[in-house]
Amino acid sequence: MSTDHQESVQELDVRDVDGEPFEQIMNALDSVGESEALRLVNSFEPVPLYDVLSKKGYQYDTEQVADEEWHVTIRPE
């Protein structure tokens, strides 16, 4: 899919979050608009999050960029 405009991407780095970052991720997603995306930066692949994202109507792309760095780009469907 090609787009003529550059989408706006917010970045949320949860690698230093003490405890479970789920609530912060959901809050950040609430502020993402139709033509925006959220790039989640995490130290592991957040597999449990995928089911939640799918149920809430989001699509996502996951990329491992380093040994302990994963980027998950999340967009509204």
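Take 51 as the starting number for the sequence shown in our numbering and just add one per residue.
Don't be surprised by glycine CBs; every beta carbon is placed ideally from N, CA and C.
Any idea which residues DSSP pairs residue i with across the strands?
i: TYR108; result: PRO126
i: GLU119; result: ALA116
Can you find the residues in the same chain that come closer than 8 Å, C-beta to C-beta, to residue i, ignoring five residues on each side of it along the sequence?
i: VAL59; result: GLU86, ALA87, LEU88, ARG89, THR123
Excluding the 5 residues preceding and the 5 following residue i in the sequence, name in chain order all residues of the same chain whose CB lies nearer than 6 Å to its CB.
i: VAL64; result: PRO71, ASN92
i: GLN30; result: The chain is shown only over 51 to 127; residue 30 falls outside these bounds and no answer can be derived.
i: ASP111; result: THR123
Less than 8 Å between the C-beta atoms of residue i and residue j, yes or no?
i: HIS121; j: GLU127; result: no
i: GLN74; j: VAL82; result: no
i: LEU99; j: ALA78; result: no
Kindly indicate which residue of the options has the alpha-carbon position closest to the one of residue i.
i: LEU103; options: GLU118, ARG125, LEU62, GLY69; result: ARG125
Query raised in the report: What are the complete beta strand (DSSP E) segments, minimum 3 residues, inside the segment 51-97?
Result: Within the segment 51-97, the complete beta strand (DSSP E) runs of at least 3 residues are 58-63, 86-92.
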